[in-house]
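Asks:
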Amino acid sequence: MAEITMIEAQKRSGRFNIYVDGHYAFPVSESVLVDFRLYKGMEIDKELEEQLTAADDVAKAYNRALDYLSHQLRTEKEVADKLVTLEIPEETIEQTLKKLREFALVDDAHYAASYVRTVMHTGDKGPRVIRQHLRQKGVGEKVIDEALTLYTPEEQLAVGTAVAEKLAKRYQHNSSRNQEQKMRQGLMARGFGGDEIKAMLDAVDLTPDVDEQQALLAKQGEKFLHRYRALSPSERQYKTKQMLYRKGFKLDDISQWLADFGESAE
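Start counting the sequence shown at 2; every next residue gets the next number (our numbering).
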């Protein structure tokens with residue numbers, strides 16, 4: 002049987018060269034050296050050599066994974082995808098993930114809970130967008146469901162109301178109907194549901210300023226009348242009325258403004 006005749010440290014820290022029967026055979030990491038208790042004079046056969054090589058592949062992949070994890074929390078899928086890009090074999094990746102799990106260095110449940118807490122305290126996302134994000138990261142549905150229990154209805158209302166207030170300011174120069182519609186769309190896009198959105202909108206004062214709304218109607222109306230000035234009076238009136246309605250103004254208010262402006266609403 003062959004015998005390890007020398008163990009030589011490489012210039013690269015944590016790496017060693019193994020010599021068998023006086024000849025260089027293969028390299029190993031320090032963790033493999035320790036785990037397999039390699040020493041000079043130890044007998045080694047082909048099967049053990051293959052085990053050492055496989056363990057070293059895992060050790061190298063493990064170190065690559067640690068580098069990737071050092072910047073922020075990652076899911077198992079993210080780590081696996083990263084190792085795939087490094088052309089690491091599937092079997093080695095699975096062994097690496099197993100080792101990472103043993104040391105709690107990858108934990109999808111912890112990742113999901115941490116993400117939900119971050120959104121609750123600093124973000125503007127609702128449960129649906131959170132679920133979509135976690136799915137894309139490879140987190141399972143049951144784990145997502147458990148993490149979302151942290152995002153209580155009270156927390157959702159607080160976050161969503163803050164978003165609604167910002168949207169109200171953003172669209173304050175729209176008609177009141179359009180303002181509310183855009184706020185509703187904005188909240189839906191951020192992952193909040195219908196009943197939740199109603200409560201959030203109710204929590205924001207959306208009482209329209211009559212004078213401001215009238216001034217906005219006049220400004221928009223004059224713009225459309227000018228745009229359609231080349232049309233016949235009746236066609237110009239129809240187009241203007243149509244566009245103002247699309248902008249969220251009430252038909253009665255539009256007709257009254259057209260009459261006051263000197264344009265018949267008929």
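Where a beta carbon is used, it is the ideal one built from N, C-alpha and C, also for glycine.
(1) Would you call the CB atoms of Tyr25 and Thr6 closer than 8 Å?
(2) What number of angstroms, rounded off, separates the C-alpha of Glu267 from the C-alpha of His134?
(3) Does the region 36-54 come within contact of the region 65-80, defined as at least 3 CB pairs closer than 8 Å?
(4) Please classify Leu327: is it buried, with 16 or more other beta-carbons within 10 angstroms of its beta-carbon, or exposed?
(5) Among all the DSSP beta bridges, which residues are the ones paired with Arg16?
(6) For the region 64-127, list the alpha helix (DSSP H) runs that are entirely contained and at least 4 residues long, ordered along the chain.
(7) Roughly how many angstroms separate the alpha carbons of Leu259 and Lys183, rounded to a whole number?
(8) Mind checking who Val21 pairs with in its DSSP beta bridge?
(9) Look at Gly127 and Gly161 and say whether their C-beta atoms are less than 8 Å apart.
(10) Going straight from the alpha carbon of Leu1 to that of Arg191, what length do you get?
(11) Take the Cβ of Phe104 as the centre, count every other Cβ of all protein chains shown within 10 Å, and call the residue buried at 16 or more, exposed below.
(12) Residues bridged to Glu44 by DSSP?
Replies: Based on what the coordinates show:
(1) no
(2) Confidence at Glu267 is low in this model, with a pLDDT of 42, below 50, so the placement of that residue should be treated as unreliable; the coordinate-derived value is given next. In a straight line, the C-alpha of Glu267 is about 52 Å away from that of His134.
(3) no
(4) Outside the shown range of the chain, which is 2 to 267, sits residue 327, and nothing can be said about it.
(5) Ser30
(6) 77-86, 91-103, 109-123
(7) 26 Å
(8) Ile5, His24
(9) yes
(10) Outside the modelled stretch of the chain, which goes from 2 to 267, sits residue 1, for which no answer is possible.
(11) exposed
(12) Glu4
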